[in-house]
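Visitor: In this text, residue positions in the sequence shown follow the UniProt record's numbering: the first is 1, and each later residue adds one. Each residue gets a CB set at the ideal place from its N, CA and C atoms; glycine is no exception. I am attaching a structure below and will ask some questions about it afterwards.
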Amino acid sequence: MSGGEVRDQAGTRTRLAGRAGSGPAAGASSSGLGDRMRAHSNFYLMVAPFFVLFGVFGLVPIVAAFWIGFTDWDGLDPAHFVGLDNYVSIVTDPTFGKAVFNTVYIWLGSTLVTVGAAFVLAYLINEYVVFGRSFLRMVFLLPLLAAPAVIAIIMSVLFSTNAGLVNGFLSFVSGDRVTLDWLASTVWIKPIIIVMITWRFLGFHMLLFVAGLQSIPRELYDAARVDGASGRQVFARVTVPLMLPIIFFSATSSTVGAFQLFDEPFVLTNGTGGTDQSAEVLGTMLYRTAFTDFRFGTASALSWVMFALIAVFTVVNSRLLRVRT
């Protein structure tokens, strides 16, 4: 037998073997997913309830709200498609402008005060407190156990016109009777809401910062001090850069909470929005549009506008803090 015949027979056998193996291999690859699903059927059965509940109570309402936002619907009569009319009516509504201004005002004030004070407290506790750290954490977290409506009621009593403790204290200090109507003031109602938010969430943000500070290796501080860095330089060039991800998360959670604010302004103003709507925020406007005016189409559109605003301000936070997500 010649060398050419040997090579030809070898090549023929190789091609035949390849064709013989191609069918089962393709079948195995196509049925691999099914085999894996059958092999892990118990796992899929265990996680299936979550996806079912998410689909029924999460995904379906989201899709329904998006569709309802393009309709005129009062909750009872059949919905009528109106296109972008609901979004146009929201943007042109003077109440929407006031609600956005009040929401941004409260968001900016509460975020700066809460995040700033929480960071300072966390730094002091981490650097200077040796005993009682757990006790301090518990004390600062206690306001989270109180319902926002209860806190708002307490604040309304403190700032009451005639029998409020704040007016009583000012009267004692000044020597004259002070009867300032804090909750009806267009100037003071938003700072009072900021105080409530700060008092409630200060401990939560402080706990985040304490955990972040404790995760920074002490060797970095020691190396910076060996290189001759002062305490201020160590704080500015070591602590702050390493804490930026935690600061970003804290600012983002504060942003989401501010744009979903409802309980505090609603209870303080008895659902009226305050004098000249000075405490009207997007959350109370959404509630009033849906459950007072029964304009569920406009309310659904407003919910998506709020979602867009939260996304925009989250991106702004990311840019300002120079965090890459």
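Output yes or no for whether 9 Å exceeds the beta carbon distance between Pro148 and Val256.
Guide: Mapped onto the sequence shown, residue 148 falls at position 148. Mapped onto the sequence shown, residue 256 falls at position 256. The answer is no: Cβ separation not under 9 Å.
Visitor: Would DSSP call Phe70 helix, strand or coil?
Guide: Reading the sequence shown from its first residue, position 70 is the one you call residue 70. In the structure shown, Phe70 sits in coil (DSSP, three-state: anything other than H, G, I, E or B).
Visitor: Taking the alpha carbon of Thr245 as the reference point, which residue from Ala211, Val60, Ala299, Arg232 has its own alpha carbon closest?
Guide: Indexing the sequence shown from 1 puts residue 245 at position 245. It is worth fixing the name first, because residue 245 is Pro in this sequence and not Thr. Considering only alpha carbons, the answer is Ala211.
Visitor: Note down, in chain order, each residue of its chain lying with its Cβ closer than 7 Å to the Cβ of Thr71, except the 5 sequence neighbours on either side.
Guide: Position 71 of the sequence shown holds residue 71. Excluding residues within five positions, the ones whose Cβ falls inside 7 Å are Ala79, His80, Phe81, Val82, Gly297.
Visitor: Using three-state DSSP, classify Phe96 as helix, strand or coil.
Guide: In the sequence shown, residue 96 corresponds to position 96, counting from 1. Helix, per DSSP.
Visitor: Can you have a look at Val315 and say buried or exposed, based on whether 16 or more other CB atoms are within 10 angstroms of its CB?
Guide: Against the sequence shown, residue 315 aligns to sequence position 315. Val315 is exposed by the Cβ-count criterion.
Visitor: Could you tell me the distance, in whole angstroms, from the CA atom of Leu282 to the CA atom of Ile106?
Guide: Here residue 282 is taken as the residue at index 282 of the sequence shown, counted from 1. Here residue 106 is taken as the residue at index 106 of the sequence shown, counted from 1. If you take the alpha carbons of Leu282 and Ile106, they lie about 11 Å apart.
Visitor: Could you name the residues that DSSP lists as bridge partners for Arg80?
Guide: One-based indexing of the sequence shown puts residue 80 at position 80. It is His, not Arg, that sits at residue 80 in the sequence shown. Note: His80 sits in a beta bridge opposite Asp72.
Visitor: Smallest Cα separation from Leu309: which of Val47, Val100, Val56?
Guide: Residue numbering aside, residue 309 sits at position 309 when the sequence shown is read from its first letter. If we check each option's Cα against that of Leu309, Val100 comes out closest.
Visitor: At a cut-off of 8 Å, would you count Ala251 as near the ligand SAH, judging by its Cβ distance to the nearest heavy atom?
Guide: The ligand SAH is not among the ligands present in this structure, which contains no ligands whatsoever.
Visitor: To which residues of the same chain is Gly273 closer than 7 Å at the C-beta, ignoring the five residues directly before and after it?
Guide: As a position in the sequence shown, residue 273 is number 273, starting the count at 1. Counting only Cβ-Cβ distances below 7 Å, and skipping sequence neighbours, we find Ala279, Glu280, Thr284.
Visitor: Can you tell me where the alpha helix (DSSP H) holding Ile247 begins and where it ends?
Guide: Working through the sequence shown from its first residue, we reach residue 247 at position 247. 240-259 is the extent of the alpha helix (DSSP H) around Ile247.
Visitor: Helix or strand or just coil, what does DSSP make of Asp181?
Guide: Against the sequence shown, residue 181 aligns to sequence position 181. Asp181: coil per DSSP, three-state reduction.
Visitor: Starting from the Cα of Val63, find the closest Cα among Leu320, Tyr87, Gly116, Ser303 and give me that residue.
Guide: As a first step, residue 63 must be located in the sequence shown, where it is residue number 63. When each option's Cα is compared against that of Val63, the closest is Ser303.
Visitor: Tell me whether Thr289 sits in a helix, a strand or coil according to DSSP, three-state version.
Guide: Reading the sequence shown from its first residue, position 289 is the one you call residue 289. Looking at Thr289 - three-state DSSP - the assignment turns out to be helix.
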